[in-house]
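So in the working numbering, spot 37 of the sequence shown is number 848, and the numbers just go up one at a time. Step one of this worksheet: look at the structure below.
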Amino acid sequence: MLVLGRSQVEALLDMDALIDALASAMADLSAGRAAAPDRVAVTVPERDAFLAAMPGYVPSSGALTSKLVSVFPQNGGTPVPTHQALIAVFDPYTGAPTALLDGTAITAARTAAGSALSARLLAREDASVLAVLGTGAQARSHAEAMCRVRPIRQIRVAGRDQTKAAALADELSAALQVPAEAAATYAEALDGADIAAAATHCVEPVIRRSWLTPGVHVTSVGFNPEGREIDDATVAEALVCVESRQAALAPFPAGSNDLLQPLRDGIITDAHVHTELGELLTGSKPGRSSDQQITLYKSVGVAVQDAAAAALVVAAARERSIGAEIALE
């Protein structure tokens, strides 16, 4: 069995290839060719945390995997990531375990790649100002991924900690060769932004309709069982896209409070969830209808994304003879 650590996974995972691989996986999921049951989880109440399991199968990628991911928000501000994961890879023909990968890097990359794919499908072609809400690993990955799909010329970073926002802005400027600056507030970062990427653990919404410019594309990947990232007015007005209706509207730990709460309160109906990524890709549902329309991609993370990413990493590792081989017998 091939074993790959985090630094190896990061070196092997190409963001452009990943975005394309996710496009195939999401089209397969919407068409019923791929499988990703709702994730299950055990909670760790003492730490306001949980451990989730996410199996997925993507026949077109030859990918059969299961991810175990822990979400420990209280790790924020420490050297230990809030999200940590392992991905086990199995042979889809025999069921034999063939690889074990660090899943922390894959989770960050595939989540950002999914948001970038949504921007490729829904953001205006000329979108050039990016607001990044959050200062963690997801914020960093989202900035990198968005620059791959749209002509980003300016990045604004906002978070609860101004020092961290400034540090991330400096890091992004150097790494991406795009001017980046820290904004004093979320509202300031969003003012005039063409794309807004929210990756926070906030309880109160960091995306509010009154802060948004017409025509903005919003991506939201934050998850907090006690709160939400997007206010009701934004959800109600936007064209809403998800990875999977089943996943997004399922109860905890699979679904999104950003959609479930306005559904519960009668602000929207199930039909307001306009499309899945895969439906946009196959053309079965239309996308943006005007330059002024607000579009929203709400991500909850689905296992076919992990499977597609893991398949890319394993293939690259075997091609380049990277990783350790161990015997389970």
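In this text, a Cβ means the ideal position worked out from N, Cα and C, and glycines have one as well. Computed from a predicted model, the values in this text were never measured in an experiment.
Could you give the distance in angstroms between the alpha-carbon of residue i and the alpha-carbon of residue j?
i	j	result
G888	H894	13 angstroms
V900	A910	5 angstroms
V891	V1029	28 angstroms
A874	A954	27 angstroms
A948	K975	12 angstroms
E992	H1012	21 angstroms
R951	S1095	32 angstroms
T1093	E1040	29 angstroms
E857	N886	13 angstroms
L912	T1106	34 angstroms
Quick one: grab the DSSP three-state call for residue i.
i	result
G925	helix
I830	helix
E1040	coil
C1052	strand
G947	coil
Q1072	helix
D849	coil
D1002	coil
D913	strand
E982	helix
H953	helix
L815	strand
V1027	coil
R971	coil
Q965	strand
Assuming residue i contacts residue j under a Cβ cut-off of 8 angstroms, what Cβ separation, rounded to an integer in Å, is found between them?
i	j	result
A808	A969	No statement about residue 808 is possible, as the shown extent of the chain runs from 812 to 1140 and does not include it.
D1145	R959	What is shown of the chain runs 812 to 1140, which leaves residue 1145 out entirely.
A863	V880	5 angstroms
D1076	K1109	About 16 angstroms separates the two Cβ atoms, so there is no contact after all.
Mind checking who residue i pairs with in its DSSP beta bridge?
i	result
V882	F861, H894
A874	V869
A1007	A942, V1029
F901	L875, P908
The stretch 923-932 touching the stretch 981-995, judged by at least three CB pairs closer than 8 angstroms: no
The stretch 1110-1124 touching the stretch 1046-1054, judged by at least three CB pairs closer than 8 angstroms: The way I'd put it, the stretch 1110-1124 does touch the stretch 1046-1054; three or more beta-carbon pairs between them come closer than 8 angstroms.
Cβ pair count under 8 angstroms reaching 3, the stretch 996-1015 against the stretch 1072-1084: no
Three CB pairs or more closer than 8 angstroms across the stretch 827-840 and the stretch 919-926: Touching, per the Cβ criterion.
Touching by the beta-carbon criterion (3+ pairs, under 8 angstroms), the stretch 1085-1099 and the stretch 839-848: yes
The stretch 913-923 in contact with the stretch 938-945 per 3-pair CB rule at 8 angstroms: no
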